[in-house]
Amino acid sequence: MQRRHKEKLIELIFLFNGVLVVLVLAGIFLLLLKNALPAFKEVSVVHFLTKPIWNPDAYDQATYGLLPMLVSTLMVTLGSLVVAIPLGVGTAAYLSDVASPRVREIAKPVVEILAGIPSVVVGFLGIVLLGPVISKLTGSYNGLNALNGSILLAVMALPTIISLSEDALASVPRAYEEASLALGANRWETVLRVKIPAAASGILAACMLGMGRAIGETMTVLMATGNAAEFPRSFLGPVKTMTSTIAIELGEVAYYTTHFHMLFAVGLMLFIITFIINLCADMIFHRHTRGLA
Amino acid sequence: MRMDKKIRMKARKVEFFYGTTQILHGIDLDIFENNVTAIIGPSGCGKSTFIRLLNRMHELVPSARLKGEITLDGKSITSADVDPVEIRRKVGMVFQKPNPFPKSIFENVAYGLEVNGVKDRHFIEDRVVSSLKKAALWQEVEKRLHDSALSLSGGQQQRLCIARCLAIEPEVILFDEPCASLDPISTHKVEELILELKKDYTIVIVTHNMQQAARVSDHTGFFYMGKLVEFGRTEDMFTRPREKRTEDYITGRFG
Ligand SMILES: Nc1ncnc2c1ncn2[C@@H]1O[C@H](COP(=O)(O)OP(=O)(O)OP(=O)(O)O)[C@@H](O)[C@H]1O
Ligand SMILES: [Mg+2]
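Those protein sequence lines, which keep their order, are chains A and B. Heads up: the first sequence is residues 1 to 293, going by my numbering. Heads up: the second sequence is residues 1001 to 1255, going by my numbering.
The following block contains the structure:
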């Protein structure tokens, strides 16, 4: 009897938590929507989605094109994934299947510590360390550009990708591993050709979550990417992402102007994009865990 | 008496430990060429442990420790300078539970060749077909080579695992209770297959089924509590066992 009550109570707490999370999410969404909508009284949605220029302070006619910053965000994010996925999955494969127990014991906490580094610190390293290196190697002005941001974001997405991929690899049935080794495959062949494909959906989910983190990350890109409000041309040029734009401009904008509401519209887009990515990751992840059961 | 055949593998004074627990005690055993050697004994007596030594699969457990010597054609397979990958190409293994990869039927059989460096697609295709034929599975899968291996029945999966093992042309094949999860008809097919395979391969099979040991094997080793109690020709062992414990086990008085 006692126990049943206890279980009921715990169940209620979890239900409450769940409902609360949904309410908060819905609240944020509605708040963004409410503040974004007035912008579209003056500027059309088509203008917002298609104009290649974001120039709210133009002398004659302000333009509010999302494209430059959307492209910037995608560049930096995809760039970071190009670096982080092979590195992250490779590290996970190494740690789960090749490394000696001693190496694993040391490496795991290091990865976790990496996840705890504040983004300001990462951005700072981008400015004083990575920037000069990039500048020297590529001849670009100060090395604060999309490439710099990509690499930093990769560093920040790595812990997520490594630890979740490792979990996915660990859940691959041992029988596959034994079968592969018994056929004369070595450890690398086994993990690359049997375990990673078997854990593919889990690894994909890990990468999507890493990507969700990269897209929403603000401080690091703000510091490292140069923030030029022009249409991005290359990885060696400065870019201004959606998050940077909001962070930089929301502090100075006059309240309840079109510009102000436009920034909310940008935030809304960001919210929708990250929401979709996380939803996909979640769906893939659940299919993965169900598939193995 | 029949002429004794050539000895392919030899275990000498094999002692095996998991951590500090000794699992095998002083095993001396010979495996004859083109023979089926059955390993029998009650659960937990170390049968699986023993045959996993023969292709160094025991090394997957970090605490595993081996003393004594195991040879293949007179050369030690257990010394530190021998690459286990090399040994596993020569000594293949089929497991108790069918464990095909979650890949297509074709890819399952081709896998061993690919990891062993075979690039020639024609060669691989031919070998896949011939392996499936040898494993008596070809007719059943001929039209669905690119379906998932997991869509096969348990018995078919086990024959696929045998085909996969045959594809790399090992010299010795280890079977660890290959029929334990199969129905009688699939069991019968696998047994026939083993009898067919012994013409070309040297076979070791762990089994809990006395009839199966009697039906398929030429030599039998009886393990009990980590010791090899008796080893000899299967006919002799099943008709006039030397040891009382062997007799009791074979006749089902314990175990
Ligand atoms: N990874 C391991 N670590 C520690 N002990 C183990 C390990 N694997 C097996 N053992 C122990 O070794 C002993 C022999 O096990 P083994 O699997 O060889 O028995 P078996 O004769 O194959 O039994 P069965 O007929 O049930 O398959 C058992 O006591 C078992 O508990
Ligand atoms: Mg066993």
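Virtual Cβ for every residue (Gly too), placed ideally from N, Cα, C. Quick caveat: nothing in here was measured; it's all calculated off a predicted structure.
Taking the Cα positions, A/VAL45 is about 30 Å away from A/ALA224.
DSSP, reduced to helix, strand and coil, places B/GLU1015 within a strand of the structure shown. Ligand 2 has no heavy atom closer than 7 Å to the beta-carbon of B/ASP1236. Residues of the region 1150–1179 of chain B that bring their beta carbon within less than 8 Å of a beta carbon in chain A comprise CYS1161, ARG1164, CYS1165, ILE1168, in sequence order. Nearest Cα to A/ALA200 within the set A/PHE235, A/LEU164, A/VAL98: A/LEU164.
The Cβ atoms of A/GLY139 and A/PRO132 lie no closer than 8 Å to each other. If you check each beta-carbon in the region 1105–1122 of chain B against every beta-carbon of chain A, the ones closer than 7 Å belong to TYR1111, GLY1112, VAL1115, ASN1116. For B/PHE1095, the residues of chain A that pass the 9 Å Cβ criterion are ALA175, GLU178, ALA179, ALA182, in the order they occur in the chain. Under the Cβ criterion of 8 Å, A/ARG104 is not counted among the residues facing chain B.
The alpha-carbon separation between A/GLY237 and A/GLU252 amounts to approximately 25 Å. Per DSSP, the unbroken beta strand (DSSP E) holding B/MET1093 starts and ends at 1091–1094.
Under the three-state reduction of DSSP output, B/TYR1224 falls in the strand class. Residue pairing from DSSP places B/GLY1232 in a beta bridge opposite B/THR1220. Identification of chain A residues near B/LEU1060 by a Cβ-Cβ cut-off of 9 Å yields ARG174, GLU177, GLU178, LEU181, ordered along the chain. Interface criterion not met: the Cβ of A/ARG287 is under 8 Å from no Cβ in chain B. Within chain B, the residues VAL1115 have their CB atoms less than 8 Å from the CB of A/GLU189, given in chain order.
When DSSP states are grouped into helix, strand and coil, B/ASN1108 belongs to the helix group. Around the beta carbon of B/PHE1101, a 10 Å sphere encloses 16 or more other beta carbons of the protein chains shown; the residue is thus reported as buried. Under the three-state reduction of DSSP output, B/ASP1147 falls in the coil class, being neither helix nor strand. Burial is judged here by how many other beta carbons sit within 10 angstroms of a residue's own beta carbon; A/VAL120 has fewer than 16 and is exposed.
When the five nearest sequence neighbours on each side are left out, the beta carbons in the same chain lying within less than 7 Å of the beta carbon of A/PRO232 are those of PRO68, VAL71, SER72, MET75, ALA146, VAL239, in order along the chain.
Here B/ILE1051 is actually not in contact with B/ASN1116; their C-beta atoms are around 22 Å apart, not less than 8 Å. Excluding residues up to 5 positions away in sequence, PRO159, ILE162, SER163 lie with their Cβ nearer than 7 Å to the Cβ of A/VAL111 in the same chain. If you draw a straight line from the Cα of A/LEU114 to the Cα of B/SER1043, it comes to about 48 Å. One thing to note: B/ALA1163 has its Cβ within 8 Å of the Cβ of B/SER1131. Distance from the CA of A/LYS34 to the CA of A/ALA228, rounded to the nearest whole angstrom, comes to 29 Å. Here A/ALA154 really is in contact with A/VAL83; their C-beta atoms are around 4 Å apart, less than 8 Å. Around A/VAL194, the beta-carbon contacts reaching into chain B at under 7 Å are PHE1101.
By the Cβ test, the region 1080–1098 of chain B is in contact with the region 1175–1195 of chain B, since at least three Cβ pairs between them sit closer than 8 Å. The closest heavy atom of ligand 1 lies less than 7 Å from the beta carbon of B/ILE1023. For ligand 1, the residues with a Cβ under 5 Å from any of its heavy atoms are, in chain order, B/TYR1018, B/ILE1023, B/SER1043, B/GLY1044, B/CYS1045, B/GLY1046, B/LYS1047, B/SER1048, B/THR1049, B/VAL1061.
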